[in-house]
Amino acid sequence: MTQPNGIDKPKGGTKEAKLVSALSGNGKTIKQLTALLEWQPHTVRAALTRLRQRGYTIERVEKTDRSPSRFKIAASQP
Numbered sequence: 001m002t003q004p005n006g007i008d009k010p011k012g013g014t015k016e017a018k019l020v021s022a023l024s025g026n027g028k029t030i031k032q033l034t035a036l037l038e039w040q041p042h043t044v045r046a047a048l049t050r051l052r053q054r055g056y057t058i059e060r061v062e063k064t065d066r067s068p069s070r071f072k073i074a075a076s077q078p
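So in the working numbering, the last spot in the sequence shown is 78, and the numbers never skip.
Put into structure tokens, the structure is as follows:
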């Protein structure tokens, strides 16, 4: 289904839908996403690239002394 912003929403129950859901809110680290989706880190990074190609804006929250980098979908997206 196409959203008002022209981005196709992933089919429910798929790993891609889980990924989009996980990236909402505060976002997740690559390590958290690999555990959630049971994918290798390079597969998670490739999935993030595919989402970007489909029109999602994925933000990278810089790492700090206390936490690694996190990735999240921009607030203006589904």
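Idealized CB from N, CA, C, for every residue including glycine.
- In the DSSP annotation of this structure, the continuous segment of the alpha helix (DSSP H) that includes I30 starts and ends at I30 to L37.
- Residue burial annotation: K9 is exposed, with fewer than 16 other C-beta atoms found within 10 angstroms of its C-beta.
- Taking K15 as reference, the option from I7, N26 and L51 with the minimal CA-CA separation is L51.
- S24 and D65 have their C-alpha atoms spaced approximately 23 Å apart.
- Residue pairing by DSSP places E59 opposite K72 in a beta bridge.
- By the C-beta density criterion, K28 is buried, having at least 16 other C-beta atoms within 10 angstroms.
- Cβ-Cβ distances below 6 Å link R60 to S69 and F71 in the same chain, with the five nearest sequence neighbours on each side left out; the list follows chain order.
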